[in-house]
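Following the working numbering, the numbering of the sequence shown begins with 120 at its first residue and continues without gaps.
Every residue gets a Cβ at the ideal spot worked out from N, C-alpha and C, and that includes glycine.
Below you'll find the structure, written out as structure tokens, and then a few comments.
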Amino acid sequence: DKDGCTKHVEKVIVPVCVSLVDKNVKIALKVDFWVQRKARGRKKYRSKVEIAQELILYLISKEIEFDFVSLDGAFPTPDMFTFFQRNKRLKFTMRIPKNRCVITTGGKKMQLQNISALKLTRNTREKTIKAKLYGKTYFFTAYKRKKKFGGWETVFLVSNMNLSAKEQVEAYNLRWPQEKINRTSKQKFGMNQCQALALSKQKA
Numbered sequence: 120d121k122d123g124c125t126k127h128v129e130k131v132i133v134p135v136c137v138s139l140v141d142k143n144v145k146i147a148l149k150v151d152f153w154v155q156r157k158a159r160g161r162k163k164y165r166s167k168v169e170i171a172q173e174l175i176l177y178l179i180s181k182e183i184e185f186d187f188v189s190l191d192g193a194f195p196t197p198d199m200f201t202f203f204q205r206n207k208r209l210k211f212t213m214r215i216p217k218n219r220c221v222i223t224t225g226g227k228k229m230q231l232q233n234i235s236a237l238k239l240t241r242n243t244r245e246k247t248i249k250a251k252l253y254g255k256t257y258f259f260t261a262y263k264r265k266k267k268f269g270g271w272e273t274v275f276l277v278s279n280m281n282l283s284a285k286e287q288v289e290a291y292n293l294r295w296p297q298e299k300i301n302r303t304s305k306q307k308f309g310m311n312q313c314q315a316l317a318l319s320k321q322k323a
């Protein structure tokens, strides 16, 4: 919803999808909708993290087999880490903010972007270390990727899978087909330009 006077933009409704993917195929299985709190009401409101958890549990309830869950940067919250700790058989990889603080093996609390063991120099494209977050040990990966309009950026991942740095990046990048759908729906189909606040119209 874009305010014509202030130009302020706020999200009203966002689709949250669960898909089964490998290197060649993407199969969309279920979609749900996050709706802002003031439209849904405080009692009925569900966060994107809660919706994602419900979709993952849906796959399990249908006995759909998958190796791991790959999530974007909207999901590395304390609640999501607690969810994975409760469901210990679930493997995951997620993007995580570069300013997130972790406890290194030396016992120091540092932001990911400041950890020397994750610095990517010269032609190094990815590195992985172990560190603690919320009292548990995870694998943290830094990797370089090309920016849309040239140049490079460093992206950080968190996972509970013991993989090489290159394999960590490959696992996370299986999300790419979904990202293309998100971009196309916004750029070509105008999904982010709907001014209708009624939920039925937004869903349509």
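Nearest-angstrom Cα distance between residue i and residue j?
i	j	result
Ile170	Leu190	13 Å
Val140	Phe202	22 Å
Asp151	Thr196	19 Å
Gln312	Gly226	47 Å
Arg159	Ser166	11 Å
Thr256	Ile248	10 Å
Gln232	Lys217	5 Å
Asn143	Lys181	23 Å
Thr223	Lys307	44 Å
For residue i, which three-state DSSP category applies?
i	result
Gln230	strand
Leu276	strand
Thr260	strand
Asp198	helix
Thr125	coil
Val150	strand
Starting from residue i, trace the alpha helix (DSSP H) in both directions and tell me its first and last residue.
i	result
Ile132	Note, Ile132: premise wrong, no alpha helix (DSSP H); beta strand (DSSP E) at Ile132 to Val140.
Leu178	Lys167 to Ser180
Val221	Per DSSP, Val221 belongs to no alpha helix (DSSP H); it is in the beta strand (DSSP E), Cys220 to Ile222.
Ile183	Ile183 -> no alpha helix (DSSP H), and no H or E assigned at all.
Arg302	Trp295 to Gln306
Using the Cβ count rule (16 or more neighbours within 10 Å means buried), how would you classify residue i?
i	result
Glu245	buried
Val137	buried
Ile183	exposed
Thr260	buried
Arg161	exposed
Arg294	buried
Phe268	exposed
Ile175	buried
Ser278	buried
Val221	buried
Ala323	exposed
Where do the ends of the beta strand (DSSP E) carrying residue i lie?
i	result
Leu190	Val188 to Leu190
Glu245	Glu245 to Leu252
Query raised in the report: Taking one C-beta from the stretch 209-226 and one from the stretch 176-194 each time, how about it: are there three or more such pairs within less than 8 Å?
Result: Contact holds: three or more Cβ-Cβ distances are below 8 Å.
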